[in-house]
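Peer 1:
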Amino acid sequence: MASIALEFLLCVLAFWFGYSANQGGTCLVVAAHEIQKRRPPRMFVGFLAASAAAGLISIPLVWSGALGATLTPSTSINWLLLVGAIAFGLGALINDTCLLGSLARLGDGEIRLIALPLGLAFGIWAADQTRFGYEASWPSLTATPTLLGLATLAGLLLVLMLSIVFVCIKRVARKRPAWPFAASMIGLGVTGGLLYALSPAWTFADLIQRGLPLRMSPSGEVTLVTVISSVAGALTASFRQGNLRLQLLT
């Protein structure tokens, strides 16, 4: 029964994650374009707010020991990880949307983004085939309530407050019933932080990883329902705003 209740909670969180992503128009490519064109970096600062909110909700949850929450171990940075990050960024630039932005825009009916799993599958398979030996890992520095952990929480709280002030000052007119941009990003961070702590392997990429014949460990069984829930949340948000328009492949 406890397992069923946890899975239901994860589905609810994933739904609101997708809803928040669509409400905020969340996309790293948009954030990069803002900086490149020297516009006020609202999306970038919004991501800072979301990241801070995620840390502020997930770290204390792990410290409390509730619901089996945990922080994934840290690993060293290697050349393969850097190459993958660059390739991911280039792919997002070519596609004009990142993985998170794809979720938001899929909710608006952009059918072309259904092809995204093919690229993800190839990238995950290539990463698995080029792994060499054992990768060292160690517990997260914020996994226990130390002085460093408390300082991290204080820093995250400061970042969150400053980010909210910035996006509120630089706010633009938004359609109703859309949430305020700051609320969308905080919602994204809170739900994402909880999902990360309760079930790290819940994303679209994790679902694809599970379907491939890989040497690395597969993701959990809950991945399929959380992905469906996040897409359903994005579709619901788009429908409520009147933005849902089916856009066929051209």
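According to our numbering, the residues represented by the sequence shown are 212 to 461, in order. All C-beta atoms in this analysis are idealised placements derived from N, C-alpha and C, irrespective of residue type, glycine included.
What is the DSSP secondary structure of W290, counted as helix, strand or coil?
Peer 2: helix
Peer 1: Take F228 and list the residues in its own chain whose beta-carbon comes closer than 7 Å to its own, dropping the five residues that flank it on each side.
Peer 2: L399, T402, G403, L406, S441 and G444
Peer 1: Under three-state DSSP, which class holds S351?
Peer 2: coil
Peer 1: Are there 16 or more other CB atoms within 10 angstroms of the CB of W413, so buried, or fewer, so exposed?
Peer 2: buried
Peer 1: Checking 7 Å against the spacing of the C-beta atoms, do A394 and I375 come in under that value?
Peer 2: no
Peer 1: Is there at least one Cβ from chain D nearer than 7 Å to V256's Cβ?
Peer 2: In the structure shown, chain D cannot be found, because there is only a single protein chain.
Peer 1: With a 10 Å radius around its C-beta and 16 neighbouring C-beta atoms as the bar for buried, classify L358 as buried or exposed.
Peer 2: exposed
Peer 1: Which residues bound the alpha helix (DSSP H) around T402?
Peer 2: F392 to L409
Peer 1: What residue range does the alpha helix (DSSP H) around P271 cover?
Peer 2: R253 to S275
Peer 1: Shortest alpha-carbon distance to F226 belongs to which of T237, L301, T437 and A242?
Peer 2: T437
Peer 1: Quick check: what's the CA-CA separation for S287 versus F450?
Peer 2: 42 Å
Peer 1: Buried or exposed: N233, going by 16 or more other Cβ atoms within 10 Å of its Cβ?
Peer 2: buried
Peer 1: How about V273 and L282: do their beta carbons lie closer than 7 Å?
Peer 2: yes
Peer 1: Can you tell me the Cα-Cα spacing of S231 and P391, whole angstroms?
Peer 2: Taking the straight line from one Cα to the other gives about 10 Å.
Peer 1: With a Cβ-Cβ cutoff of 7 Å, do L371 and A265 count as a contact?
Peer 2: no
Peer 1: Could you tell me whether the Cβ atoms of P284 and S348 are closer together than 7 Å?
Peer 2: yes
Peer 1: Assuming I270 and L373 form a contact by the criterion Cβ under 8 Å, report the distance between their Cβ atoms to the nearest whole angstrom.
Peer 2: Rounded, the Cβ-Cβ distance is 19 Å, inconsistent with contact.
Peer 1: Output needed for V241: all residues of its chain with C-beta closer than 6 Å, excluding positions within five of it in sequence on either side, in chain order.
Peer 2: Closer than 6 Å at Cβ, skipping near neighbours: M254.
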